[in-house]
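In my numbering, the protein residues as written are -9 to 325.
Right under this line is the structure:
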């Protein structure tokens, strides 16, 4: 090992599969390259994309032995020779926008490209900072950049108790929109209201379209954010306003989806898929997103909600908990 390298407890997996394939191993972490940064990690954010990558069901397939993770917060421990915007000792978090073949966040020490390392507002904890960018940049893209939600307009947010859903509630409120949160669980209704949702529909007990039209005085939702699709997709689409926008950013349900052809013909909505790469892969949009999110964080309007904290040695348990869908907010792992 080089004198400039560090040994790190790092999560590694040697085959795709269930959470049990994740192992904590000692890995040598090199000194950062010219445009890289080495971070001493304090907190790791767990994302659905991590689980998909672990399963071999993501946009890129793992190359074994593989590492994973898009989000972390910690302290800059070393910088490359060409890095000028960061110094050793800076408190930072990681903005996703890199290949997991090249970089990963699940470890005591990690290497990141300097462009993905950000000095975040001081009013966030390490756990909150590690929970910020995946959810909030994705929701900024749909609500602000592409959705262009205006003050007074209605946004329907499916799977609202997820970290992404809670970020959507906060961003909708921040731009003056009216948030309608969807959940399958009656137990989560009060928590969603406390989290800022203007209205909550419990989809296991109430019809989505009926309730949305009631809330909106028959106008419908100007914006619908759906990571689920599945059996209730038809009634969800039927709740859209004339010329509304529907973003599908996940397919959590494996049930077949039907399509309300008449409502779509009459209301002429825009229905499209959405990926965070539309923000993370466009430097102009990403710069706008960073400015917007940092401002909201500084003002106390945008703040990740942490559901449960695990230790690194409990990484398997953290992924099992993620897949149980019990969480209300973000799952994080502390180092």
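No residue lacks a Cβ here, since even glycine has one placed at the ideal position from N, Cα and C.
A quick note: this is a predicted structure, and the numbers were derived from the prediction, not measured.
query: Helix, strand or coil: how does DSSP classify residue 223 here?
result: helix
- prompt: With DSSP run on the structure shown, which of helix, strand or coil describes residue 217?
  reply: coil
- prompt: CA-CA distance, residue 257 and residue 214?
  reply: 14 Å
query: Starting from residue 90 and walking both ways along the beta strand (DSSP E), at which residues does that stretch end?
result: Segment: none, residue 90 is in no beta strand (DSSP E) and carries neither H nor E.
message: I'd like the list of long-range same chain contacts for residue 111, defined as Cβ closer than 8 Å, with 5 residues on each side in sequence excluded.
response: 284, 287 and 288
query: Under three-state DSSP, which class holds residue 78?
result: coil
field: Length of the line joining the Cα atoms of residue 311 and residue 9
entry: 10 Å
Close Cβ partners of residue 102 (< 7 Å) along its chain, the five nearest in sequence each way excluded: 26, 27, 29, 84 and 93
- prompt: DSSP on residue 192, reduced to helix/strand/coil?
  reply: strand
task: Decide if the stretch 259 to 279 is in contact with the stretch 224 to 242; the criterion is three or more beta carbon pairs, one per stretch, under 8 Å apart.
output: yes
- prompt: Just checking my contact of residue 367 with residue 319 at CB under 8 Å: how many whole Å lie between their CB atoms?
  reply: Here the chain covers residues -9 to 325 and nothing more, so residue 367 does not appear.
query: Residues in its own chain within less than 8 Å of residue 132 by CB, not counting five upstream and five downstream?
result: 158, 213, 215, 237, 239 and 264
query: For residue 324, which option in 315, 308 and 316 has the closest C-alpha, if you only look at C-alpha atoms?
result: 308
query: When we look at the beta-carbon of residue 246 and count the other beta-carbons within 10 Å, is it buried (16 or more) or exposed?
result: exposed
task: Give every residue of the same chain whose Cβ lies closer than 6 Å to the Cβ of residue 341, excluding the five residues on either side of it in the sequence, and list them in chain order.
output: Residue 341 lies beyond the residue range present for the chain, which begins at -9 and ends at 325; the question has no answer from this structure.
- request: Report the three-state DSSP secondary structure of residue 148 (helix, strand or coil).
  value: coil
field: Alpha carbon of residue 199 to alpha carbon of residue 145, nearest angstrom
entry: 13 Å
message: Checking the sheet assignment: what are the DSSP bridge partners for residue 319?
response: 152
message: Here's a check: name, in chain order, each residue in its chain whose Cβ is nearer than 7 Å to the Cβ of residue 22, leaving out the five neighbours to either side.
response: 28, 68, 69, 70 and 101
query: What does residue 172 pair with, by DSSP beta-bridge criteria?
result: 191
Nearest neighbour of residue 254, chosen from 275, 229 and 267 [CA to CA]: 229
message: I'd like to know whether the C-beta atoms of residue 294 and residue 156 end up nearer to each other than 9 Å.
response: yes
message: Could you compute how far the alpha carbon of residue 162 sits from the alpha carbon of residue 291?
response: 11 Å
task: Report the option in 219, 24 and 106 whose CA atom is closest to the CA atom of residue 60.
output: 106
message: For a test of the three-state rule: what should DSSP assign to residue 47, helix, strand or coil?
response: coil
task: For residue 135, I'd like the list of residues in its chain whose CB is within less than 8 Å of its CB, leaving aside the five on either flank, ordered along the chain.
output: 268, 269, 275, 278 and 279
message: Rounded to the nearest angstrom, what separates residue 125 and residue 17 at their Cα positions?
response: 29 Å
query: According to the Cβ coordinates, are residue 64 and residue -1 closer than 9 Å?
result: no
Nearest-angstrom Cβ-Cβ length linking residue 35 and residue 322, presumed shorter than 8 Å: 6 Å
- request: Pull up the distance between the alpha-carbon of residue 24 and that of residue 51, whole angstroms please.
  value: 27 Å
query: Under a Cβ-count criterion, where at least 16 other Cβ atoms within 10 Å of its own Cβ denotes burial, should residue 89 be classed as buried or exposed?
result: exposed
- request: For residue 271, I'd like the list of residues in its chain whose CB is within less than 6 Å of its CB, leaving aside the five on either flank, ordered along the chain.
  value: none
message: Between which residues of its own chain and residue 176 is the CB-CB distance below 6 Å, once the five residues before and five after are set aside?
response: 192
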